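Colleague: The structure under discussion is supplied below as structure tokens; questions concerning it will follow.
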Amino acid sequence: MLLKKYALALSLASLLACALPAWALPADLVLAVAAGESDERIAAVAKLVASGDSGVEAYFQSLLDGEVQVAGGKRVLIVKDRHAVDAATGEKVEPLPENLDDALVNNRLRGTLEGARSALKLSSPDRAARLTAVKALEDGAREEMLPLIGAALARETDPQIRQSLTLVQAGLQLKSADAAVRLAAVKALAQSDNPNTKMLLLALLEKKGDVYAEPDAAVRAEAQDTLKAVQSQLSSAERFSQIFTGISLGSILLLAALGLAITYGLMGVINMAHGELIMVGAYGTYLVQNLFRAQAPALFDWYLLAAVPVAFFASAIVGMALERSVIRYLYGRPLETLLATWGISLILIQTVRTLFGAQNVQVENPVWMSGGVEIIANVLLPWNRVVIIGFALAVLLLVWVLLARTRLGLFVRAVTQNRGMASCVGVPTARVDTLAFGLGSGIAGLAGCALSQIGNVGPDLGQTYIVDSFMVVVLGGVGQLAGTVYAALGLGMANKFLEGWSGAVLAKIAILAFIIIFIQKRPQGLFALKGRMADA
């Protein structure tokens, strides 16, 4: 019996709860949003947002979905599937009234409603939802939303969202009729490094004839000082971005030129097919990606761990076959070697076009290489670029260990400095040539693996980097690992800084002109090769 009483009481409580209104909104504001003049409707939207009442977001969504109708010009209903509820109280309306008019939503009101919904989401526990809401408010906020934005700013702890909210709040306060409010808004912008801040401040300092956009002299003076501080912060962020992109480009040039530095420095071979060895590594990565996608989709995010050795050995095998079959018979004949390797590059390009087609193929980034990290505002460091920089450093370290701490490296250095003497003391120079050429070709394959993560892979991929690779090797000094590093990073940084000043084409021309002049003054490059044969 006791259980039955409890069950009956619970049922009655549920019925009473169902009978109560689902929400309670000011009826006059609800009607003002649904019908009336455009300016009055937009003002009513802001007032509803500022009220903070439950049900506001649902009402706005119903307006956007075209589900709101007005009965007799007095009562606003949300009608869906011939069932209606009162938009102000949430109570069911039965039967459905006959004299219903649609609440039309024009583009201006639609934008305001979407901005209002964003303002309501500023209290969401989800950071991504709040960030999206702030971005939407940058174009759709109204002055009536200031209390809601101020409350959200007071409780927000995320630095990025706080900065965006401050910008939105200041943008609204700058429209205030009170000069003190505008002055406080300008001061709040002093710590911002958002490019939009500069636009807001410049708008205050505009002058039409003899009239300033900002009438108050104190506000203008503060805006001028704030503008200088913001420009300084933006300049620092831009320089940081240029340094990072320069290092990123330098690491790519280093990977592309490192193998060429070994082969060109050891044998003096002008290998015009080096770019195609980069392409072979990139297509090797593409094949491994497809294999993982088809055979082991659960492990797809780790396909690069298998692609790195595949790219290395694929290019190394092609390079050793090239050395054994063609280059070995052309030592000491640089013109014939250049023409032969150029012909081989054309053969490799056509082979790839036959096997994979002439169109570019896409190599996807693993999840852990997607996106980026924002160190400072407006400077996003892509994870794929960061990983490539680290990968280039790792490859450089391994090559240094191989050349400086292994028997093969000792033989390579001996043959580089004096091939005849090395042969006399028992160094198998022919085998060293093959292994060194394979090593350089394998490093080119690693460059192709890295390049596949920042762009599409196509038959002409290698042609983009062959000239830059030779410039790095010649500038750094033939056969000099340290020179290759300095030249790659130097050219990468110079290229990015010059691009920002004169554009990409003029930057390339300026760098090429510099290298020509530099080589005329110092033919041995940054670092001269040491040794009796080199000095002869």
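Residues in the sequence shown are numbered from 3 upward in steps of one, following the numbering used here.
We treat Cβ as the ideally placed atom computed from N, Cα and C, and that holds for glycine.
Quantities reported herein were computed from a predicted structural model and do not represent experimental measurements.
Return the chain-ordered list of same chain residues with a C-beta closer than 8 angstroms to the C-beta of LEU202, the five sequence neighbours on each side being excluded.
Modeller: Counting from one through the sequence shown, the residue named residue 202 turns up at place 200. If we look at LEU202 and ignore the five residues flanking it on each side, its Cβ neighbours are LEU169, ALA172, GLY173, LEU176, LEU191.
Colleague: Please list the terminal residues of the continuous beta strand (DSSP E) segment that includes VAL72.
Modeller: The residue you call residue 72 lines up with position 70 of the sequence shown. Run containing VAL72: 70-73, per the beta strand (DSSP E) assignment.
Colleague: Helix, strand or coil for LYS498, going by three-state DSSP, please let me know.
Modeller: The residue you call residue 498 lines up with position 496 of the sequence shown. If DSSP states are grouped into helix, strand and coil, LYS498 belongs with the helices.
Colleague: With three or more C-beta pairs closer than 8 angstroms as the rule, is the stretch 293-311 touching the stretch 458-474?
Modeller: Contact fails: fewer than three Cβ-Cβ distances are below 8 angstroms.
Colleague: If you reduce the DSSP assignment to three classes, tell me which class ILE519 lands in.
Modeller: The count along the sequence shown starts at 1 and reaches residue 519 at position 517. The answer is helix: DSSP assigns ILE519 an H, G or I state.
Colleague: Please classify ALA179: does DSSP put it in a helix, a strand, or coil?
Modeller: As a position in the sequence shown, residue 179 is number 177, starting the count at 1. Of the three classes helix, strand and coil, the one that applies to ALA179 here is coil, per DSSP.
Colleague: Would LEU255 and ALA490 qualify as a contact pair, given that the criterion is a beta-carbon distance under 8 angstroms?
Modeller: Your numbering for residue 255 matches position 253 in the sequence shown. Your numbering for residue 490 matches position 488 in the sequence shown. The answer is yes: Cβ separation under 8 angstroms.
Colleague: Out of THR339, GLY211, LEU106, which one is the CA nearest neighbour of GLU39?
Modeller: Translated into the one-based positions of the sequence shown, residue 39 becomes position 37. Selected option, being the one with the closest Cα: LEU106.
Colleague: In terms of alpha-carbon separation, which member of LEU340, PRO336, GLY283 lies closest to PHE315?
Modeller: The residue you call residue 315 lines up with position 313 of the sequence shown. Of the candidates LEU340, PRO336, GLY283, the one whose C-alpha sits nearest the C-alpha of PHE315 is GLY283.
Colleague: Where does VAL271 fall in DSSP's three states?
Modeller: The sequence position of residue 271 within the sequence shown is 269, counting from 1. VAL271 falls in the coil class under three-state DSSP.
Colleague: Leaving aside the five residues before and after VAL32 along the sequence, list all residues of the same chain whose C-beta is less than 6 angstroms from its C-beta, in chain order.
Modeller: Counting from 1 along the sequence shown, the entry for residue 32 is found at position 30. Here the set comprises VAL78, ALA89, ALA90.
Colleague: Can you grab the Cα-Cα spacing for the pair VAL476 / ILE518, in whole Å?
Modeller: Walking along the sequence shown from the start, residue 476 turns up at place 474. Walking along the sequence shown from the start, residue 518 turns up at place 516. The straight-line gap from Cα to Cα measures roughly 10 angstroms.
Colleague: Quick one: using the 10 Å Cβ neighbour count with 16 as the cut-off for buried, is ILE511 buried or exposed?
Modeller: As a working mapping, residue 511 is identified with position 509 in the sequence shown. By the 10 Å Cβ count, ILE511 comes out exposed.
Colleague: Could you give the distance in angstroms between the alpha-carbon of GLY428 and the alpha-carbon of LEU399?
Modeller: For the purposes of this step, residue 428 is identified with residue 426 of the sequence shown, where counting begins at 1. For the purposes of this step, residue 399 is identified with residue 397 of the sequence shown, where counting begins at 1. Rounded to the nearest angstrom, the two C-alpha atoms are 28 angstroms apart.
Colleague: State the beta-bridge partners of HIS85 as determined by DSSP.
Modeller: The count along the sequence shown starts at 1 and reaches residue 85 at position 83. LYS82, per the DSSP bridge assignment.
Colleague: Please report the distance separating the alpha-carbon of ASP218 from that of LEU229.
Modeller: If you number the sequence shown from 1, residue 218 lands on position 216. If you number the sequence shown from 1, residue 229 lands on position 227. Taking the straight line joining both Cα atoms gives about 16 angstroms.
Colleague: Assign ARG295 to buried or exposed, taking buried as 16 or more other Cβ atoms, counted over all protein chains shown, within 10 Å of its Cβ.
Modeller: Within the sequence shown, numbered from 1, the residue matching residue 295 stands at position 293. Label assigned to ARG295: exposed.
Colleague: On a Cα-Cα basis, can you pick out the residue from LEU493, ALA509, ASP104, VAL232 that is closest to LEU528?
Modeller: The residue you call residue 528 lines up with position 526 of the sequence shown. LEU528 has its Cα closest to that of LEU493, out of LEU493, ALA509, ASP104, VAL232.
Colleague: Given a cut-off of 8 angstroms on the beta-carbon distance, is the pair LEU206 and VAL183 in contact?
Modeller: Here residue 206 refers to the residue found at position 204 when the sequence shown is read from its first residue. Here residue 183 refers to the residue found at position 181 when the sequence shown is read from its first residue. Cβ distance not < 8 angstroms, so LEU206 and VAL183 don't count as in contact.
Colleague: Buried or exposed for SER120, going by 16 or more other Cβ atoms inside 10 Å?
Modeller: Numbered from its first residue, the sequence shown carries residue 120 at position 118. With 16 or more Cβ atoms within 10 Å of its Cβ, SER120 is classed as buried.
Colleague: How big is the Cα-Cα spacing for SER250 and GLY117?
Modeller: Taking the first residue of the sequence shown as position 1, residue 250 is located at position 248. Taking the first residue of the sequence shown as position 1, residue 117 is located at position 115. For SER250 and GLY117, the distance between alpha carbons rounds to 39 angstroms.
Colleague: Near ALA73, which residues of its chain fall below 7 angstroms by C-beta distance, leaving aside the five closest residues on each side in sequence?
Modeller: By 1-based counting over the sequence shown, the position of residue 73 is 71. LEU79, PRO99, ASN101, LEU102, listed in sequence order.
Colleague: How far does the alpha helix (DSSP H) with LEU155 in it reach, from first residue to last?
Modeller: In the sequence shown, the residue the question calls residue 155 occupies position 153. Its alpha helix (DSSP H) spans residues 148-157.
Colleague: Taking the alpha-carbon of GLU240 as reference, which of ALA506, GLU501, GLN526, LEU514 has the nearest alpha-carbon?
Modeller: Position 238 of the sequence shown, counted from the first residue, corresponds to residue 240. The residue with the shortest Cα to Cα distance from GLU240 is GLU501.
Colleague: In angstroms with no decimal places, state the Cα-to-Cα distance between ALA52 and TYR61.
Modeller: Along the sequence shown, one-based indexing puts residue 52 at 50. Along the sequence shown, one-based indexing puts residue 61 at 59. Taking the straight line joining both Cα atoms gives about 14 angstroms.
Colleague: Please name the residue or residues paired with LEU2 in a DSSP beta bridge.
Modeller: Given that the chain is displayed from residue 3 to residue 538, the structure contains no residue 2 and the question cannot be resolved.
Colleague: Using only the alpha-carbon positions, how far apart do ALA179 and LEU185 sit?
Modeller: Taking the first residue of the sequence shown as position 1, residue 179 is located at position 177. Taking the first residue of the sequence shown as position 1, residue 185 is located at position 183. When rounded, the distance between both Cα atoms is 11 angstroms.
Colleague: Tell me TYR214's beta-bridge partners as DSSP assigns them.
Modeller: The count along the sequence shown starts at 1 and reaches residue 214 at position 212. For TYR214, which the question treats as bridged, DSSP gives the partners LYS209.
Colleague: Using a Cβ-Cβ cutoff of less than 8 angstroms, which residues in the same chain neighbour ILE329 once the five nearest sequence positions on both sides are dropped?
Modeller: Residue numbering aside, residue 329 sits at position 327 when the sequence shown is read from its first letter. Hits under 8 angstroms: MET269, VAL271, ASN273, THR339, ALA342, THR343, PHE439.
Colleague: Give the single residue among ALA26, ARG112, LEU437, ALA446 whose Cα lies nearest to the Cα of ARG326.
Modeller: Here the question's residue 326 lines up with position 324 in the sequence shown. The residue with the shortest Cα to Cα distance from ARG326 is LEU437.
Colleague: Taking buried to mean at least 16 other C-beta atoms within 10 Å of its own C-beta, is ALA406 buried or exposed?
Modeller: The residue you call residue 406 lines up with position 404 of the sequence shown. The residue is exposed, with fewer than 16 neighbouring Cβ atoms inside 10 Å.
Colleague: Whole angstroms is fine: what's the gap from ASP104's alpha carbon to GLU93's?
Modeller: Along the sequence shown, read from residue 1 onward, the residue named residue 104 stands at position 102. Along the sequence shown, read from residue 1 onward, the residue named residue 93 stands at position 91. Near 19 angstroms, if we compare the C-alpha coordinates of GLU93 and ASP104.
Colleague: Keeping to the same chain, check which residues put their C-beta closer than 8 angstroms to that of ALA143; ignore five residues upstream and five downstream.
Modeller: Within the sequence shown, the letter at position 141 stands for residue 143. The answer, listed in chain order, is GLY117, ALA121, ILE151, VAL170, GLY173, LEU174.
Colleague: I'd like the span of the alpha helix (DSSP H) that includes LEU33, first residue to last.
Modeller: As a first step, residue 33 must be located in the sequence shown, where it is residue number 31. That run of the alpha helix (DSSP H) goes 29-36.
Colleague: Quick check: the Cα distance between ARG43 and ARG84, rounded to an integer number of angstroms?
Modeller: The residue labelled residue 43 in the question sits at position 41 within the sequence shown. The residue labelled residue 84 in the question sits at position 82 within the sequence shown. Their Cα atoms are separated by approximately 26 angstroms.
Colleague: For LEU441, which option in PRO28, ALA259, LEU50, THR134 has the closest C-alpha, if you only look at C-alpha atoms?
Modeller: For this step, residue 441 is matched to residue 439 along the sequence shown. When only C-alpha atoms are compared, the closest one is ALA259.
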